[in-house]
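In my numbering, the protein residues as written are 2 to 431.
Here's the structure, in structure tokens; my notes come after.
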Amino acid sequence: MSVIEKNPVHFGTAEAIALEDQFGAHNYHPLPVVLSKGEGVYVWDVEGKKYFDFLSAYSAVNQGHCHPKIVNALIEQAKTLTLTSRAFYNDKLGVYEKYITEYFGFDKVLPMNTGAEAVETAIKICRKWAYEKKGIAEKQAQIIVCENNFHGRTTTIISFSNDENARKNFGPYTEGFIKIPYDDSAALEQVLASSPTIAGFLVEPIQGEAGVYVPSEDFITKAKALCEKYNVLFIADEVQTGVARTGSLLAVCGNCICENKCERQATYVQPDILILGKAVSGGVYPVSAVLANDEIMNVIKPGQHGSTFGGNPVAAAVAMAALEVVADENLAQNARRLGKIFREEVEKYIQTSNIAILVRGKGLLNAVVINDTEESDTAWNICVRLAEKGLLAKPTHGNIIRFAPPLVMTEEELRTCIDILLETLKEFEK
Ligand SMILES: *Cc1c(COP(=O)(O)O)cnc(C)c1O
Numbered sequence: 002m003s004v005i006e007k008n009p010v011h012f013g014t015a016e017a018i019a020l021e022d023q024f025g026a027h028n029y030h031p032l033p034v035v036l037s038k039g040e041g042v043y044v045w046d047v048e049g050k051k052y053f054d055f056l057s058a059y060s061a062v063n064q065g066h067c068h069p070k071i072v073n074a075l076i077e078q079a080k081t082l083t084l085t086s087r088a089f090y091n092d093k094l095g096v097y098e099k100y101i102t103e104y105f106g107f108d109k110v111l112p113m114n115t116g117a118e119a120v121e122t123a124i125k126i127c128r129k130w131a132y133e134k135k136g137i138a139e140k141q142a143q144i145i146v147c148e149n150n151f152h153g154r155t156t157t158i159i160s161f162s163n164d165e166n167a168r169k170n171f172g173p174y175t176e177g178f179i180k181i182p183y184d185d186s187a188a189l190e191q192v193l194a195s196s197p198t199i200a201g202f203l204v205e206p207i208q209g210e211a212g213v214y215v216p217s218e219d220f221i222t223k224a225k226a227l228c229e230k231y232n233v234l235f236i237a238d239e240v241q242t243g244v245a246r247t248g249s250l251l252a253v254c255g256n257c258i259c260e261n262k263c264e265r266q267a268t269y270v271q272p273d274i275l276i277l278g279k280a281v282s283g284g285v286y287p288v289s290a291v292l293a294n295d296e297i298m299n300v301i302k303p304g305q306h307g308s309t310f311g312g313n314p315v316a317a318a319v320a321m322a323a324l325e326v327v328a329d330e331n332l333a334q335n336a337r338r339l340g341k342i343f344r345e346e347v348e349k350y351i352q353t354s355n356i357a358i359l360v361r362g363k364g365l366l367n368a369v370v371i372n373d374t375e376e377s378d379t380a381w382n383i384c385v386r387l388a389e390k391g392l393l394a395k396p397t398h399g400n401i402i403r404f405a406p407p408l409v410m411t412e413e414e415l416r417t418c419i420d421i422l423l424e425t426l427k428e429f430e431k
């Protein structure tokens with residue numbers, strides 16, 4: 002008998018939270034909202050209250066909740082074949098691999114499940130390439146990363162985080178990473194010029210978790226050029242920024258929007274290794290991917306890397322459907338158009354306000370900086386109030402609130418949400 006049946010009186014917000022609190026590890030601090038249903042840009046809680054979702058599961062649900070085409074792909078494939086392991090071939094994986102590599106313009110893909118696994122995969126490929134292609138001496142390879150990065154939660158990844166909360170008491174840490182300030186191509190060049198043992202530069206084209214930091218317009222272009230100059234792999238972690246979130250298919254596309262087939266516009270910067278996760282599946286199933294061209298990907302041989310679930314037929318079917326939706330529904334274009342409206346309207350309000358000091362972002366990945374200290378609970382309280390008014394968002398770092406709705410939002414819905422946001426901010430004016 003399930004817990005719910007044991008409790009016939011009422012299973013509501015308090016009961017669900019109490020269960021998680023008692024039986025789940027306390028590794029998150031959620032807003033006190035218990036969701037039980039989602040559709041498009043909306044989610045509903047167990048009390049039947051409807052909300053706009055302005056987090057989109059950290060940009061995994063770009064295609065909207067429970068998109069029928071993606072859910073259908075899941076159901077159909079789940080009824081047919083779910084998992085074979087990679088000990089055998091399956092009839093969906095190759096089709097998906099052809100699809101996603103053509104979609105993003107790379108020779109090959111290595112399929113994994115979560116974002117952190119894909120980052121780990123990229124690190125392994127980069128190191129192996131450094132020893133076998135670049136000729137760096139054994140165990141000497143270094144990867145440059147940026148301060149305030151977020152690349153996931155594994156032991157190696159937190160080794161090069163500078164978030165004390167993510168790192169403290171999880172040592173000893175993995176070696177081989179050099180940290181430079183974000184958006185600082187001079188610092189990048191300095192490290193590249195002074196060390197012959199650099200294998201790669203791992204970077205988020207926009208730092209999402211750090212609080213949606215958009216670098217200067219030419220940072221990515223310059224970084225890529227420097228990587229080429231010093232024969233170092235440019236590794237883009239687009240787990241959060243990828244798949245139309247920032248108003249183009251990838252954040253490294255710059256200002257180019259070209260449906261699903263990348264036409265390689267002038268602003269496009271081709272990463273040597275591209276890391277994707279989250280919205281690759283529209284939030285329906287854990288799917289991540291590492292893309293690279295043959296000369297890099299071919300350093301990985303049988304037995305050297307893998308995952309029981311990576312590339313399973315359900316993941317393949319779901320990801321193909323999810324990427325089709327992105328192209329069919331022009332989600333990049335929509336994100337770009339709505340993002341501009343969002344920033345313009347919030348910017349106008351900021352001119353007159355003493356509670357919000359800054360709005361920044363690209364496409365529909367935006368953040369509003371609240372006029373209070375990092376340690377204050379003002380941003381948290383604003384999010385609690387927003388939830389009461391039917392809009393779900395969450396602070397990233399103390400005083401920064403991220404706004405990232407599903408990309409299927411209409412302009413009318415967005416304007417309603419802007420009204421809710423501005424009304425709420427006004428209540429907090431000092
Ligand atoms: C979310 C995220 C990850 C980690 O993805 P998980 O699926 O949570 O492991 C890695 N990099 C970036 C930029 C992310 O936003």
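Glycine included, every Cβ here is placed at the ideal spot set by N, Cα and C.
Here the structure is a predicted model, which means the values were calculated and not measured.
Can you tell me which of the three DSSP states residue i falls into?
| i | result |
| --- | --- |
| E165 | helix |
| E414 | helix |
| E389 | helix |
| Y286 | coil |
| R403 | strand |
| C127 | helix |
| P208 | The sequence shown places Gln at residue 208, not Pro. Correct three-state label for Q208: strand. |
| S60 | helix |
| A26 | coil |
| A394 | coil |
| L408 | coil |
| Y100 | helix |
| G340 | helix |
| K279 | helix |
| M2 | Here M2 scores only 44 on pLDDT, less than 50, and its place in the model should not be relied on; the value that follows carries that caveat. Here M2 sits in coil by DSSP. |
| N382 | helix |
| G116 | helix |
| C67 | coil |
| N367 | strand |
| C147 | strand |
Using a threshold of 7 Å, state whether the C-beta atoms of residue i and residue j are closer than that.
| i | j | result |
| --- | --- | --- |
| V213 | A237 | no |
| V47 | G25 | no |
| L56 | K390 | no |
| G201 | C127 | yes |
| D108 | D273 | no |
| I158 | A117 | yes |
| I356 | L426 | yes |
| S289 | M113 | yes |
| V244 | V327 | yes |
| N331 | I371 | no |
| A388 | L20 | no |
| V360 | R337 | no |
| T155 | P287 | no |
| L423 | D54 | no |
| K363 | V215 | yes |
| I211 | S186 | First, the residue type needs correcting, since residue 211 is Ala and not Ile in the sequence shown. Going by C-beta atoms, A211 is not nearer than 7 Å to S186. |
Taking CB distances under 7 Å as the criterion, tell me whether residue i reaches chain C.
| i | result |
| --- | --- |
| A79 | Reference to chain C is not applicable here, since this structure consists of a single protein chain. |
Less than 8 Å between the CB atoms is what I'm expecting for residue i and residue j, so what's the real figure, rounded?
| i | j | result |
| --- | --- | --- |
| N256 | T268 | 5 Å |
| M321 | Y100 | 5 Å |
| A280 | Q64 | 7 Å |
| G41 | P406 | In fact, because the Cβ distance is near 10 Å, the residues do not count as touching under 8 Å. |
| N232 | Y183 | The Cβ separation is near 23 Å, so there is no contact. |
| I221 | V270 | 5 Å |
| E412 | I342 | 7 Å |
| A380 | F404 | A380 to F404, Cβ: 12 Å. No contact. |
Around the C-beta of residue i, are 16 or more other C-beta atoms found within 10 angstroms, so that it is buried, or is it exposed?
| i | result |
| --- | --- |
| D329 | exposed |
| A17 | buried |
| Q305 | exposed |
| T242 | buried |
| N335 | buried |
| T309 | exposed |
| D219 | exposed |
| Y29 | exposed |
| M2 | Because M2 sits at a pLDDT of 44, beneath the cut-off of 50, its placement in the model cannot be relied upon, and the following sentence gives the value as read from the coordinates. Flag for M2 reads exposed. |
| F171 | exposed |
| F235 | buried |
| S282 | buried |
Spatial neighbours of residue i within its chain, please: C-beta separation below 6 Å, excluding the five flanking residues on both sides.
| i | result |
| --- | --- |
| A318 | A74, Q78 and K93 |
| A131 | I137, A142 and A200 |
| G209 | Q241 |
| F105 | L292 |
Within its chain, find whatever has a CB closer than 8 Å to the CB of residue i; leave out the 5 residues flanking it on each side and keep chain order.
| i | result |
| --- | --- |
| I179 | Q143, I144, I145, V146, V192, S196 and I199 |
| S37 | W45, D46 and V47 |
Closer than 7 Å by C-beta to residue i: which residues in its own chain qualify, once you throw out the five before and the five after it? Chain order, please.
| i | result |
| --- | --- |
| P69 | none |
| T432 | With the chain running from 2 to 431 in the structure shown, residue 432 is simply not present. |
| E430 | S354, N355 and I356 |
| S217 | D184 |
Please determine whether the Cβ atom of residue i lies at a distance below 6 Å from any heavy atom of ligand 3.
| i | result |
| --- | --- |
| T115 | Absence of ligand 3 is noted for the structure shown, with ligand 1 being the only ligands found. |
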